[in-house]
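Let me begin by presenting the structure, written as structure tokens, before commenting on it.
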Amino acid sequence: MHTRTSARAWAVVAALGLSAITPLTAAHAAVPTGTPTTTETPAKAASPGDIVSSEPSSFHPLPGQPTDTRAWKIHYRSTTAKGEPNTVSGTVIVPQDGRKGPRPLITYAVGTVGVGDHCAPSAGFPKGTTVEANLIQQLTLRGWAVAVTDYEGLGTPGDHTYTVGRAEGQAVLDAARAAIRLPEAGLGKDTPVGIMGYSQGGQASSWAAELHGSYAPELDVKGTATGGVPGDLLKVAKFNDGLYGSGLIFMAAIGQNAAFPELKLDSYLNSKGRKLIGALRNSCVADGSVLGSFKTIASMTTKNPLDQPDWKQRLTESRVGSARLDAPVYQYHALGDELIPYAVGKQVRKEWCGRGANVEWHTVPVGEHVSGVITQSPLAAQWLADRFAGKEARGNC
1258 MHTRTSARAW AVVAALGLSA ITPLTAAHAA VPTGTPTTTE TPAKAASPGD
1308 IVSSEPSSFH PLPGQPTDTR AWKIHYRSTT AKGEPNTVSG TVIVPQDGRK
1358 GPRPLITYAV GTVGVGDHCA PSAGFPKGTT VEANLIQQLT LRGWAVAVTD
1408 YEGLGTPGDH TYTVGRAEGQ AVLDAARAAI RLPEAGLGKD TPVGIMGYSQ
1458 GGQASSWAAE LHGSYAPELD VKGTATGGVP GDLLKVAKFN DGLYGSGLIF
1508 MAAIGQNAAF PELKLDSYLN SKGRKLIGAL RNSCVADGSV LGSFKTIASM
1558 TTKNPLDQPD WKQRLTESRV GSARLDAPVY QYHALGDELI PYAVGKQVRK
1608 EWCGRGANVE WHTVPVGEHV SGVITQSPLA AQWLADRFAG KEARGNC
């Protein structure tokens, strides 16, 4: 299990959506950067999805690569896991294809990029350094608009609430609301919406699908394409403890503590743990995965927080599969996934199916975590295209 470490670490980086290999000395931004050209006061942004500010941006899958799109960086109103109002940043991308009238919108949830503010997708798009931009371009080439959330605390004040399902799902839905409310995007209230994401984005997109009916019922969601879903964080943590994916456990600890500071993460850390967590707070997934790999929870703590009732409760609250879905789902998982066990994804499918959901499940028979998103993204996009075309979804529960 410990051989080919560098290759495995790179697989983690590529699979989870590397935004940039950024030095650890990069600053953790205290405030959003840039000067908005369209602004509302936060007081006016009273409802989830309301625009707080917007400014022109650009979308490049590779440095300088033209895409014939317009893009805006936005700050929009959303909701924390505790139900309190917050502000989240993101990007809205619209093809410049001469199309008149309505077009579909994808609200896209990226995989792990890290917890440093400079890792946010909105920071990487203008530079062409956000790896999942190549997957997003497949969507814009279809003529679809795309909204990409940065998630809570990634590019805005405070730590990123990494792996906190409710916060992520609400940010994904509110990104769609914000895109529709952005006048320059040319979308309308009747815009058909698809939800899409993999890995961390699989958790976020799945939570968005589960929350749609109660949190954002006005959105015309046609379906959700979700893959590599970390549906049970306790099982994922146990699986990765001490292996090449263990850095993700410590990033998740930062995220849970950000949403629920009463968990008091610092009180569990020894000197090595404090040093690691401090470095991870300013790291992207490339350097963070290397820093945290092959470290055990026991070696970084004086007492394992995952053995404590309050930590177990909060992690359990982020489970996927406990709600009934009101739109069909395309779900996929690699049989040989080395980061998120196949059985975890399959359990999500089982629980959704048990609640009467329309789930089209696909096992990726060959490859690992990274190959799941690469090989399945075109198929997932075509599945969404069929939903936009009004074709019947045929689940295989």
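Residue numbers (my numbering): 1258 to 1654.
Quick reminder that beta carbons are idealized off the backbone N, C-alpha and C, glycines included.
Residue i, buried or exposed, once every other Cβ within 10 Å from all chains shown has been counted against 16
| i | result |
| --- | --- |
| E1441 | exposed |
| D1567 | exposed |
| L1319 | exposed |
| R1356 | exposed |
| T1620 | exposed |
| T1337 | buried |
| G1447 | The question names Gly, but residue 1447 is Asp in the sequence shown. D1447 comes out exposed. |
| C1654 | exposed |
| D1431 | buried |
| Q1588 | buried |
| E1617 | buried |
| A1303 | exposed |
| T1662 | No information on residue 1662 is available, as it lies outside the stretch 1258 to 1654 that the chain covers here. |
| R1651 | exposed |
Between the CA atoms of residue j and residue i - distance to the nearest angstrom
| i | j | result |
| --- | --- | --- |
| V1429 | S1462 | 7 Å |
| I1437 | K1492 | 37 Å |
| E1519 | G1321 | 44 Å |
| Q1427 | T1364 | 11 Å |
| S1315 | I1393 | 13 Å |
| S1379 | V1547 | 24 Å |
| D1257 | A1435 | No statement about residue 1257 is possible, as the shown extent of the chain runs from 1258 to 1654 and does not include it. |
| L1596 | S1528 | 27 Å |
| I1511 | G1535 | 10 Å |
| A1642 | N1343 | 32 Å |
| A1614 | Y1472 | 18 Å |
| P1562 | T1553 | 12 Å |
| P1449 | P1585 | 14 Å |
| K1330 | H1626 | 30 Å |
| P1299 | S1550 | For P1299, the predicted structure reports a pLDDT of 49, less than 50, and the residue's modelled location is therefore unreliable. A value from the coordinates is still provided. Going from the Cα of P1299 to the Cα of S1550 covers about 40 Å. |
| L1396 | H1332 | 22 Å |
| Q1460 | V1486 | 5 Å |
| R1327 | V1478 | 23 Å |
| G1530 | Y1455 | 29 Å |
| A1509 | A1637 | 27 Å |
Three-state class that DSSP yields for residue i in the structure shown
| i | result |
| --- | --- |
| N1391 | helix |
| D1498 | coil |
| C1541 | strand |
| Q1353 | coil |
| G1652 | coil |
| G1504 | helix |
| P1323 | coil |
| P1585 | coil |
| R1334 | strand |
| S1575 | coil |
| P1487 | coil |
| L1526 | strand |
| I1597 | coil |
| W1329 | strand |
| L1430 | helix |
Integer-rounded CB distance, given that residue j should sit under 8 Å from residue i
| i | j | result |
| --- | --- | --- |
| A1482 | M1453 | 5 Å |
| L1411 | D1354 | Contact flag wrong, Cβ pair sits at about 30 Å. |
| D1325 | P1352 | 7 Å |
| F1507 | M1557 | 7 Å |
| G1499 | A1366 | Rounded, the Cβ-Cβ distance is 28 Å, inconsistent with contact. |
| G1578 | G1480 | Their Cβ separation, rounded to whole angstroms, is 17 Å, which puts G1578 and G1480 out of contact at 8 Å. |
| R1612 | R1581 | 5 Å |
| V1542 | V1370 | 6 Å |
| G1415 | A1515 | 6 Å |
- Message: With three or more C-beta pairs closer than 8 Å as the rule, is the stretch 1634-1647 touching the stretch 1374-1387?
- Response: no
- Task: Indicate whether the contact test is met: 3 or more Cβ pairs, each with one atom in the stretch 1390-1404 and one in the stretch 1418-1426, closer than 8 Å.
- Result: no
- Message: Within 8 Å, do at least three Cβ pairs link the stretch 1569-1582 to the stretch 1398-1408?
- Response: no
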